[in-house]
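Heads up: the structure comes next, in structure tokens.
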Amino acid sequence: MASIAFPYELYSAIIHFATYSPVCFNISPPQSWPVSYYNGAYQADYKTKKALTLVSRQFRSLSLPVLYEAVEVHKVSSIQRLADVLDTTSPGSTTRGPQNPRKIKHLCCRHLLGFGFYSTWLHYTDRYSKPRNWLMSIPKSLPPPCVSLPKLTHFSIPEDREDRDVQCNWHMPSLTHLHVNGVLNDAFAGIIKRARDSLRCLVLGYQSMSQLVPQVLNVARNLEEFTYHFCGSMNLSWKTVETHPSLQHIVVIIEVGWVRGKYSRLSTPTLCAHLQPLTKEKFPKLCISNGGLDIPSDSNQKSDVLLDTTVDTWSTSGIEVRFLHS
Numbered sequence: 034m035a036s037i038a039f040p041y042e043l044y045s046a047i048i049h050f051a052t053y054s055p056v057c058f059n060i061s062p063p064q065s066w067p068v069s070y071y072n073g074a075y076q077a078d079y080k081t082k083k084a085l086t087l088v089s090r091q092f093r094s095l096s097l098p099v100l101y102e103a104v105e106v107h108k109v110s111s112i113q114r115l116a117d118v119l120d121t122t123s124p125g126s127t128t129r130g131p132q133n134p135r136k137i138k139h140l141c142c143r144h145l146l147g148f149g150f151y152s153t154w155l156h157y158t159d160r161y162s163k164p165r166n167w168l169m170s171i172p173k174s175l176p177p178p179c180v181s182l183p184k185l186t187h188f189s190i191p192e193d194r195e196d197r198d199v200q201c202n203w204h205m206p207s208l209t210h211l212h213v214n215g216v217l218n219d220a221f222a223g224i225i226k227r228a229r230d231s232l233r234c235l236v237l238g239y240q241s242m243s244q245l246v247p248q249v250l251n252v253a254r255n256l257e258e259f260t261y262h263f264c265g266s267m268n269l270s271w272k273t274v275e276t277h278p279s280l281q282h283i284v285v286i287i288e289v290g291w292v293r294g295k296y297s298r299l300s301t302p303t304l305c306a307h308l309q310p311l312t313k314e315k316f317p318k319l320c321i322s323n324g325g326l327d328i329p330s331d332s333n334q335k336s337d338v339l340l341d342t343t344v345d346t347w348s349t350s351g352i353e354v355r356f357l358h359s
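The sequence shown begins at 34 in this note's numbering and counts up by one.
Dropping the structure here:
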């Protein structure tokens with residue numbers, strides 16, 4: 034009796050279910066940001082994917098395309114190896130072995146769907162490593178390589194990095210989920226502009242420049258989910274965003290007290306003034322507006338009334354409000 038031939042999509046769904054990735058493919062981000070990234074979870078998924086390739090020839094042919102669809106870099110020592118692999122597999126590449134970073138002009142990875150860069154240069158063991166010296170040997174005046182990632186949908190660099198200009202020349206036409214931290218300059222904002230039609234979810238870290246946030250919302254008109262950090266010194270106001278046709282979920286991370294060595298103070302009136310422009314008229318598809326992690330605890334009856342009034346106004350217009358706590 035001939036075996037039943039299942040469609041490729043079914044096998045693919047089974048493999049994806051068995052190897053759930055922390056990159057969160059095809060789902061909304063969990064409503065409890067900030068997310069903690071664990072290298073162990075990624076390694077476990079990779080081992081499962083590798084085991085599936087050993088089941089049978091059929092499983093091997095079906096599993097190989099998704100074996101490296103999500104790549105996470107947690108160590109500086111992995112940067113050079115990744116660059117070597119991408120360079121030697123790019124079109125027109127005829128050389129093998131370590132490449133001089135001055136000569137790498139085009140990197141291509143056709144099947145990569147998710148990429149996460151979680152390494153920092155703050156670790157003592159990495160500060161004087163050869164791979165780091167290799168990367169730092171790239172002259173500042175040298176144009177960044179043209180990187181083509183046609184299928185990449187998820188791109189995450191949550192660490193505050195000094196070399197972010199390297200990614201400014203990356204071509205990611207299918208990008209839907211973007212998570213970045215640190216100061217976003219105009220060059221990096223170009224990534225958002227190029228992905229303005231496909232971008233659906235944007236997560237900005239605690240050091241993001243507030244003046245770029247309105248620009249992002251005015252450019253990415255198909256954005257559905259937006260997460261950002263807010264503190265008392267931030268000048269960002271939703272008044273600068275006239276309207277947005279597709280924005281549905283907003284996660285506002287509010288951190289007060291000593292945050293990363295700096296004291297952040299925030300009052301309830303400041304928070305309410307910041308969020309009051311979020312109305313159903315300006316954001317017709319807005320369903321949920323999340324506030325957290327630490328709501329200001331200024332024990333003032335007048336402040337409590339102001340916050341309750343703001344929340345009641347949202348609820349009346351159909352906007353659900355949730356306050357997250359760490």
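Note that the Cβ used here is the ideal one computed from N, Cα and C, for glycine as well.
Can you tell me which of the three DSSP states residue i falls into?
{"i": "S123", "result": "Low local confidence applies: a pLDDT of 48 at S123 is under 50, so the model's placement there is unreliable, with the coordinate-based value given in what follows. Coil, per DSSP."}
{"i": "G147", "result": "strand"}
{"i": "E353", "result": "strand"}
{"i": "S96", "result": "helix"}
{"i": "S181", "result": "strand"}
{"i": "V20", "result": "As displayed, the chain neither begins before 34 nor continues past 359, which places residue 20 out of reach and without an answer."}
{"i": "V274", "result": "coil"}
{"i": "L304", "result": "helix"}
{"i": "L235", "result": "strand"}
{"i": "W341", "result": "One detail in the question is off: residue 341 reads as Asp in this sequence, not Trp. DSSP places D341 in helix when its eight states are reduced to three."}
{"i": "T312", "result": "coil"}
{"i": "P247", "result": "helix"}
{"i": "P67", "result": "Residue placement at P67 is poorly supported in this model, since its pLDDT is 36, which falls under 50; the coordinates still yield a value, given next. DSSP places P67 in coil when its eight states are reduced to three."}
{"i": "L155", "result": "Note on L155: pLDDT 41, under 50, position unreliable in the model; the coordinate value appears next. Three-state DSSP puts L155 in coil, outside helix and strand."}
{"i": "A38", "result": "coil"}
{"i": "L319", "result": "coil"}
{"i": "R376", "result": "Outside the displayed span of the chain (34 to 359) sits residue 376, for which this structure offers no information."}
{"i": "L208", "result": "coil"}
{"i": "S367", "result": "In the structure displayed, the chain extends from 34 to 359; residue 367 sits before or after that span and is not available."}
{"i": "S279", "result": "coil"}
Considering only the alpha carbon of each residue, which of the options lies closest to residue i?
{"i": "R254", "options": "Y261, V274, P278, G238", "result": "P278"}
{"i": "L256", "options": "L237, A38, S231, E353", "result": "S231"}
{"i": "E258", "options": "A46, E42, I48, K318", "result": "K318"}
{"i": "S350", "options": "K335, L339, C320, A84", "result": "C320"}
{"i": "V285", "options": "T86, E275, A103, L304", "result": "L304"}
{"i": "P247", "options": "H210, T186, P310", "result": "P310"}
{"i": "K335", "options": "V344, W347, P302, K315", "result": "P302"}
{"i": "S94", "options": "K80, S45, T81, A103", "result": "S45"}
{"i": "T209", "options": "L182, S96, D337, L235", "result": "L235"}
{"i": "A306", "options": "I283, T276, L339", "result": "L339"}
{"i": "W271", "options": "Y41, E353, R233, K313", "result": "K313"}
{"i": "G147", "options": "E102, I190, S111", "result": "E102"}
{"i": "F263", "options": "W203, E275, I352, I283", "result": "I283"}
{"i": "S189", "options": "E105, Y41, K80, I352", "result": "E105"}
{"i": "F39", "options": "V354, Q91, T81, L87", "result": "Q91"}
{"i": "Q281", "options": "I352, L87, H212, T343", "result": "I352"}
{"i": "S7", "options": "I224, H212, I47", "result": "Residue numbering for the chain in the displayed model covers 34 to 359; residue 7 lies beyond these limits and cannot be assessed."}
{"i": "E275", "options": "F316, L85, S96, A228", "result": "F316"}
{"i": "P227", "options": "Y261, N214, P183", "result": "The question names Pro, but residue 227 in the sequence shown is Arg. When only C-alpha atoms are compared, the closest one is P183."}
{"i": "D337", "options": "S207, Y41, S300", "result": "S300"}
{"i": "V252", "options": "S89, D345, S111, R229", "result": "R229"}
{"i": "Y261", "options": "L237, H204, I47", "result": "L237"}
{"i": "M205", "options": "H212, N214, T186, V213", "result": "T186"}
{"i": "I47", "options": "S96, K83, K80", "result": "S96"}
Can you tell me which residues form a DSSP beta bridge with residue i?
{"i": "A253", "result": "BP columns for A253 are empty, so no partner."}
{"i": "I190", "result": "V213"}
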